[in-house]
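Shown next, in C-alpha cells, is the structure this report addresses.
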Amino acid sequence: MEIDSQKNLQRKQCSYEILDEQYKIQKETYKGQQYSHIYFVRLHLMRTILHSLVSKWKPHLPVRTVLELEEGKECVIVGTLYKHMKLKPTILDEYSKERSVTPLVKPHNFMHPDDYLVLEDDSGRVKLSGAVLLPSVYATGIIVALHGKETGVGDFFVDDILEAGLPPQIERPVIPNEDKYVVFVSGLSIGSSSSNPLQFQLLVDHITGHLGDEKEQGIAAQIVHVVIAGNSVEIPRGLLNGQHLSAKDQTKLTEPLKELDILLNQLAAGLSVDIMPGPSDPANFSLPQQPLHRCLFPGSSAYNTFRSCTNPHCFELDNFRFLGTSGQNADDLDKYSEAKDKLEFMERTLRWRHLAPTAPNTLGCYPFTDRDPFLIESCPHVYFIGNQDKFDTRLIKGSEGQMVRLIAIPRFCENGVAVMLNLRNLDCHILSFETEFS
Amino acid sequence: MNKGSARKSRPPPQNTSPAPPAKHQALSQEEDFVDEDVFLDENLLDEDALILRDIEERQALASRLSKWTRPPLSQEYVSQSKSIVFQQLEIDYVIGESHRELLPNLSGPAAILRIFGVTREGHSVCCHVHGFEPYFYISCPPGMGPDDISLFHQTLEARMKEMNRNSKAPSFVRRIELVQKRSIMYYQQQTSQSFLKIVVALPTMVASCRGILDRGIQIDGFGMKSFMTYESNVLFALRFMIDCNVVGGNWIEVPVGKYKKTVRNLSYCQLEFDCLYSDLISHAPEGEFSKMAPFRILSFDIECAGRKGHFPEPTKDPVIQVANLVTLQGEDQPFIRNVMTLNSCSPIAGVDVLSFDTEREVLLAWRDLIREVDPDIIIGYNICKFDLPYLIERAEALKIAEFPILGRIRNSKVRVKDTTFSSRQLGTRESKEITVEGRVQFDLLQAMQRDYKLSSYSLNSVSSHFLSEQKEDVHHSIISDLQNGNAETRRRLAVYCLKDAYLPQRLLDKLMFIYNYVEMARVTGVPISFLLSRGQSIKVLSQLLRKAKQKNLVIPNAKQAGSDQGTYEGATVLEARAGFYEKPIATLDFASLYPSIMMAYNLCYCTLVTPEDVRKLNLPPEHFNKTPSGEIFVKPNLQKGILPEILEELLTARKRAKADLKEAKDPFEKAVLDGRQLALKISANSVYGFTGATVGQLPCLEISSSVTSYGRQMIEHTKKLVEDKFTTLGGYEHNAEVIYGDTDSVMVQFGVPSVEAAMILGREAADYISGTFTKPIKLEFEKVYYPYLLISKKRYAGLFWTNPNKFDKMDTKGIETVRRDNCLLVKNLVNECLHRILIDRDVPGAVQYVKNTISDLLMNRVDLSLLVITKGLTKTGDDYEVKAAHVELAERMRKRDAATAPNVGDRVPYVIIKAAKGAKAYEKSEDPIYVLENSIPIDPQYYLENQMSKPLLRIFEPILKNASKELLHGSHTRSIFISTPSNSGIMKFAKKQLTCIGCKALLSKADHTLCAHCKGREAELYCKAVENVSDLEMVFGRLWTQCQECQGSLHQDVLCTSRDCPIFYRRKKAQKDMAEAKQLLERWNF
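Quick note, the sequences are listed as chains A and B, same order.
According to the numbering used here, the first sequence is numbered sequentially starting from 144.
According to the numbering used here, the second sequence is numbered sequentially starting from 25.
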C-alpha cells in the first residue's frame, strides 16, 4: 500500500520494563513435591498482612487458630477457605463403576446450593456457618480473616469477614499530557475455523499505520505498545499423540505458527510487542505458563521489540504498572463461584491480593515450594484478562486512593475487536474490524 | 447369648485378684446349638475395691463423661406405677438362685433369662425372667403308665447324678410329663402319639440328658432302651422366645404390678426388675410396635502403634487412640464424638479430645465411656476380629484386670472364645467370639462379607463403593511415626481414626442395616445377634419350631452322620444356543419358583410318605402326588404341610409389606417395611436350602430333590409349550425359539423385530403357560433383552428393557467385569466392548477399540494401575504348597524393606514384568511402585495371553469369524515398545550420550537438541514436547489436588498409601513422568 504523506509521522515512545521474573520457572523441577507448600507459603504471607489489619478492624477480639477455638467464645481466625462442592468434577469420575449411558453434559458452572465453606489453617479445619459468608462468592484457596464463634456442633458461626483489600499501589506517575495508546488483543486463534486471516491483517495494518487517512495514521502513531494476551494459535492437538507425522500433517501443524510469525514480524518491525501464552498455545498447561519458545517465531524473534512473556505477565510502561493473564484465573473462578460479570471476579482477586486463588485446586499450577508468585504485592494501574466473551472495562478505586483500570479483552477471532487504552487518562475504547461486505 | 462351646470350663470364682477372662477353644459348627450355663457371681469382680481405686484421678473424666448419660427416669417409672414397654435387642440367661417371692415353691439354682432393651423414652432395661424351665421330648415307649414314668424319672435322675458328680444342683430332672404330640416326620394317619416331656433343672442338662437317652438306659420292665430325642437341640433362649411368642427385636410389655424392682442392682441398666415369664406380653411387630426404640449405637475404631515390619500384636504394641461416635437410632448425626489419645493431641473442632499419659488410662477411659454412654449396639469395621480382641488382650498384657467390664452386668467381665465358624454358604472362617453381655455387636465387615459380593472388603474400597467417598489410608508403618511426633501429628492420626469410626456408621445408615436386620430377626424369630454369627438354618429352624408348636408337632433331633444320604441332581439349565441375537429376546421368569413348587405340591416333612407306608396305607392315587424324582407326598386334603404353610405366610406377608410400602409416607416406616419385605423374600428362599443341607438340622433330601426335579420339569414344559404354540402354523408370524433356560427363567426369541411386539407375545406366553401349572406356580413376563449376547450357560450380556420406549440398563452375568483376579484393564475393556456392541450397536467400533487397547499395551502406553493384579496374602510363604506370584513377591519385598512389605492379611498388588526366558510365572511378579521407580518393563504378552484373550474371545466369538486371528494377531500387534530398565546390569556400564529428539541420531557436541537434519522441524518437534508436558501437568494437578481433597487438608502433605485407590499408581507415575518430560523440554533452553 502506497501512502502519500506530506508529514512524516513519528511514533511515540515510552519507557518499558518487564517484571516477569517471579513467573519464570527455571531452576525449579518436579522432585516429588506436593501442593501443600504453596498453600503454606500463601497462608504465611497473607496472615502477616491480615493480622496487621485485624488489629485495626476488631482490636478488642483475640486472634486464634482453629485449634484454639472454644465453644461460644468470640474471636478472629485467619486461614485458607476451602469450598466443599457437591458437583465438583473429580478425576475419580473416570473410574466410576458404571459407564453412564448418556454422556455427561459439562456444565458451565459447578455450584450447588449445598456447597459450604471450611476454613483451614496450619492447625486444622473448621466448618463455617452463618449467613454473612456466602459460599457462592468464595472459592477454595482464598485467605480471609473471620470474626465469629464456635457453636455446639463444632461449626464456626461467622459474624463478619475481613479481606486483605487492594494492595498498596506504587505512586501514580506524572500524567502525560499527550495521548499514548496501548493495544490489547487476545484469542487470535490462527488456524481455527473461526479465525479470519484478513481481520488480523487489518489490525496489523492499522497499528503499523498502513491504513486510513492521515488522522487515523496519526492515532496509529500514538500506539506505543501491543499486548497479545493468549490463544494466538490453535494447533490440531489430535496430531500430537507421539506418533510420527506425515509431511502433510507436519504442515498442518506448523502452518498457523508460520502465519502468526509473519504478522508478528510486521508488528515488531514498528513497535514493541508482548506475546503471552494461553491455554490453546503450544506452551505448558499449568500456571505460570512459560514464554512461547523462540523457535516458534524464527522471524519475529530477531527483533528486540518482540518479547515472548509469561502468563501471568507484569510490566511497566512509563511507570504505569500493568498486570494481566490470558484469562484462566477469571474463567476458573467463574466455574466455581458467582459474580455479575468477569470484572467483578477481577476486582475480587485484587481484594484477595491473589491473582489465581483457585490454583492449584482447580486451576493447574506448578507446585512451588518456597513462594507463591500469584500473590499481588503491589496494586497494578491496569489489570487485564484475555479471551473473554465480550469487551468490558471499569475503573475501581481502593480505600487508600488506589486506582485500577480493569479490562476484559474479548476474543479477536470471534468479532474482530481489540482494545485501546489511553495512558493519559486510562480510558479505554475498542477497535473493531469488520471484513463482511454486505 | 451364650452359645457355641461344647465344654464348660471356667475359672473358679475370683475375688480380689481376678484372672484373665476365660478363653475357650471350641469348634462350633453353625449346626451345633449348645447352651452354656454361666453362673452368676462367677464373672464378677469385687466391686468396691475396684471402683474406689483411683476414683479421684478419674473424677475429672467422670464429669466429662457424665453429660452423656441416658435421660433420667420419670416419676412414674421411679414409683413403679407404669407398665414397662421396651424393645428387646438381646436375650441371654444366667444361673442363679430361684426367686423366693416369685417362685415360692422352688429352690436351688435355676436359669434366669435376661432381656435387655430400650424403652421409647430411651431408658435402658434389664428384665430378669423367672420360672421358665428347659425341657425336651422323647417318644413314650408303648405301654408305659404313670407308675412306669415315675420309675423312669428316678432312674434318669440317678444316671444324671452319676454323670454330674461335681454339680451342686439338688435335682436334675425336675419332672416328666406325659403329653400327646406328633412327630413332624412323615405322613401319619393317627393324630397324635404319647410323648414324654422331660423338664430339667438347668439348660446344659438337656444335652447331658440327651446323651444318656441316646446311648440307652436300663428301665425296669422295658429293658435297655435308647431314645430318639425331640427338640433337644434348641437353645434355651430361643426355646423361651418360641414358647412366649417373642421374636427378635420386638416390643415386650411388663404390666404394672407384675414386676418387682431388684433388691440389689446387678446391671448398669436404668430399669432393672424381676418378673415371671408368664406375665410378659409380647407384642407382634405391627402398627405402633413396628417402630424402633432410640437405641444408642457406638461406632469405634482403635489405632495401635506397631513396630516396623510387623502387624501390631497385643502383647507388644500399645493402643494409642480410640475414636468413638455415638448415634441415636433414627438420627443422622452422632451426638457424641470423641477420641481418646495416648499423649497430648491438639484439639479437633466438634470433637472431644481426651488425652492421657498412660495406656492404662486410655483403656480405662474407654471402659468408663462404655459404662456411661451405655450403648445398645456396638459397631465398627472388623471389631469382632481385631479391635475388641485387641483391646482385651492388650489389657491382659498390661495386667489391667478391671478393664474388660464392658457389658451391662455390674463388674462382669467379657468372655472371649476362639471359634471356627463354617457354613456352606460362607465357607470356614476363624474368628474370636467376644460376649459383651447385654450389648449387640455388629461388625460391618462381617455384614459386608455376608450380604455383598465385592472385589475388596477394605473399609476404603467398601466406602468408595457405597458412599462414593474415598478415605485416606495411612500405612501402619507410618502410624508409629505420627504417634512419636508431637501433638499435631497425633491430631492428624486422631482425625484419621475418627474417620474410621465414622464410615461404619455411615455404611450402617446408608445400607439400612439396622432396619434390615431387625426386620429379619422379627420375621424369622431369632435374636439379632444370631443373624451375623450364624448361618441360614437357625432362621428356618426357628420358624419351623414356632409353626410346629402351633400344630402340636415335635421335631426330632435327627443327628445325622455326615452326608451319607448322598447327593441329588441340582437345578437344570437348558442348553444355551450361543450367539449374538439382534432380535428381542423375551424372558419368562418363575416368581419364587422353589417356594411355589413346595406350596403347589404340598412338599413337607409331614406329608412325605415312606416307601413302606405307601404299601401299608394303600392310599388312593387322587390323594397324593408322585414327584418326578419318585417320592410320594400326600395332598393337602389329607395333611397340610407345615413348610408350605410357612412359605404361604411369608409370601403373603411380603405382599402385604410391599403394599404397605407403597402407601407409607414416613421415611422410617418405609425403611422398616422395605427391610421386612426383603427379609421375607430371603427367608422364603432359604427354606428349600434348609431341607437340602445334608449336615443341617433336619435335612430331608426327598423334599429338596423333589423340588429341583419339579423345577427341571417346569423349565422343559415351558420350552415345549412355547415352541409348540408360537409357530407359523399356529397363526403367528414367526416360529418361537427357546434359546436358553436357567434355574427359574426361560429366554424366548419370538422372532418379532420390535421390543413392544416381543413384550406382547411374552405376556401372552406367560399367561398361557401359567394356566397349565398348579397354583401358585406362576410364570411371569418381566423383561426383554435386546440385543442379547449369549456366550454360554450362566454367561450373557444384553440390554434390559421393561418398557418398550427406553432400555433400563445393561445387564451382564458371569462376564469378567467384577472378577478379582483380573486387572482393571480387562474389566474396562470388556465393559467398553459390551457398551459399544450392545448400546452403540457398533461391532467394528468395538473391534477397533480392542485393537487400539492391545496396541497401547504393546507400546507401553497403558496406565500401570490398570495392570495391577491383587491377591490376598492369607499365610506366609512356607505354608503355601505351590509357589504363587503374590507370595513370592511378598517375600522379596520383605528382603528389600521389611517395614512396608505386605503382611499376612494384606492384599498384595503386583504386575507381571518381563523376565529372562524360561522364568516361572511366579518369578515375574513385581511391586508396581518398584516397577515405576525403576522403569522395569512389563510383560505385555502375559497380559495379552493370560488376561485379555479369554474374556475377549468369549465375547467376540459369537459375533466375529476368526475372532482370535483378527483381534489378537492383527497388524496392530506388530510394533512393540519396551522401556529400558534403569537398574539393570548392562545400563550401569552404558555411556549416555545425547541423541536428536527428532530422529534419535547421536548429536555432536555443538548441538543440544536436534541434529542438523531435523533443524527444519524444530517448531513441530517442540510442539510435540511441550504438548506432552502440558498433558502431564494437567493430570498431575488433577491427581494431587484430588488426594488433598480426600485427606481433607490443604496445608499438609498427602501421606495416603491406599493401594485400593484407582489413582494411587497414576499419581506416582505422573510425578515421575513429569520430571522426565520436563527434562526433555529443558533441552530446548540451552
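All C-beta atoms in this analysis are idealised placements derived from N, C-alpha and C, irrespective of residue type, glycine included.
This structure is a prediction, so every number in the text was calculated from the model and none was measured.
With its beta carbon less than 9 Å from one in chain B, K174 (chain A) belongs to the interface. For M972 (chain B), there is no enclosing beta strand (DSSP E), since its DSSP letter is neither H nor E.
Within the same chain, K807 and D832 come within 6 Å of T826 (chain B) by CB-CB distance, once the 5 residues on both sides are set aside. Annotation for L538 (chain A): R548 place their beta carbon closer than 6 Å to its own, counting only its chain and skipping 5 residues before and after. Residues of chain B whose Cβ lies closer than 7 Å to the Cβ of Y225 (chain A) are, in chain order, L1074.
A distance of 9 Å or more separates the beta carbons of L891 (chain B) and V854 (chain B). Residues of the segment 871-894 of chain B with a C-beta atom less than 7 Å from some C-beta of chain A do not occur. A straight line joining the alpha-carbon of K201 (chain A) with that of S542 (chain A) spans about 18 Å.
Along the segment 384-414 of chain B, the beta strand (DSSP E) occurs as fully enclosed runs of 3 or more residues at 401-404, listed in sequence order. Taking the beta carbon of V269 (chain A) as reference, the chain B residues within 9 Å of it are A373 and G374, listed in sequence order. When rounded, the separation of the alpha-carbon atoms in L224 (chain A) and Y281 (chain A) is 8 Å. Counting along the chain, H307 (chain B) sits inside no alpha helix (DSSP H); it lies in the beta strand (DSSP E) bounded by residues I305 to H307.
Only residues of its own chain outside the window of five on either side were considered, and among them I763 have a CB closer than 6 Å to the CB of R601 (chain B), listed in chain order.
Separation of A372 (chain A) and Q470 (chain B) (C-alpha to C-alpha, rounded to the nearest whole angstrom) is 60 Å. At a cut-off of 9 Å between beta carbons, L1063 (chain B) contacts chain A.
For D1077 (chain B), the chain A residues whose C-beta falls within less than 8 Å of its own C-beta are Q177 and S179, listed in chain order. Within the segment 419-440 of chain A, the residues whose Cβ lies closer than 8 Å to some Cβ of chain B are P425, A426, N427, F428, S429, H436, C438 and L439, listed in chain order. Only buried fits Q773 (chain B), as 16 or more other CB atoms lie within 10 angstroms of its CB.
Between the segment 427-436 of chain A and the segment 448-461 of chain A there are three or more C-beta pairs closer than 8 Å, enough to call the two in contact. Straight through space, the alpha carbons of E487 (chain A) and F253 (chain A) are spaced by roughly 18 Å. The segment 1032-1039 of chain B makes no contact with the segment 182-198 of chain A, as fewer than three CB pairs between them are under 8 Å.
By alpha-carbon distance to D690 (chain B), the top candidate from B:K534, B:I321 and B:K315 is B:K315.
T215 (chain B) has its alpha-carbon roughly 20 Å from the corresponding atom of G169 (chain B). Annotation for T877 (chain B): L853 place their beta carbon closer than 6 Å to its own, counting only its chain and skipping 5 residues before and after. Remark: fewer than three beta-carbon pairs, one from each stretch, lie closer than 8 Å, so the segment 672-691 of chain B and the segment 648-663 of chain B are not flagged as touching. When secondary structure is reduced to three states using DSSP, Y481 (chain B) falls in the coil class, being assigned neither helix nor strand.
Of the candidates A:G559, A:L439 and A:L305, A:L305 places its Cα closest to the Cα of L196 (chain A). Shown here, C293 (chain B) sits in coil according to DSSP, grouped into three states, outside any helix or strand. The C-beta separation of Y159 (chain B) from I136 (chain B) comes to about 16 Å, leaving the pair out of contact by the 8 Å criterion. Between L210 (chain A) and chain B, the shortest Cβ-Cβ separation is below 9 Å. Shown here, I162 (chain B) sits in a strand according to DSSP, grouped into three states.
CA-to-CA, the gap between L237 (chain B) and Q721 (chain B) works out to about 19 Å. Along the segment 720-798 of chain B, the alpha helix (DSSP H) occurs as fully enclosed runs of 4 or more residues at 725-749 and 779-794, listed in sequence order.
In terms of Cβ geometry, I429 (chain B) and K575 (chain B) do not form a close pair [threshold 9 Å]. The alpha-carbon of S794 (chain B) is positioned some 5 Å away from that of K802 (chain B).
Under the Cβ criterion (8 Å, minimum of three pairs), the segment 548-567 of chain A counts as touching the segment 308-324 of chain A.
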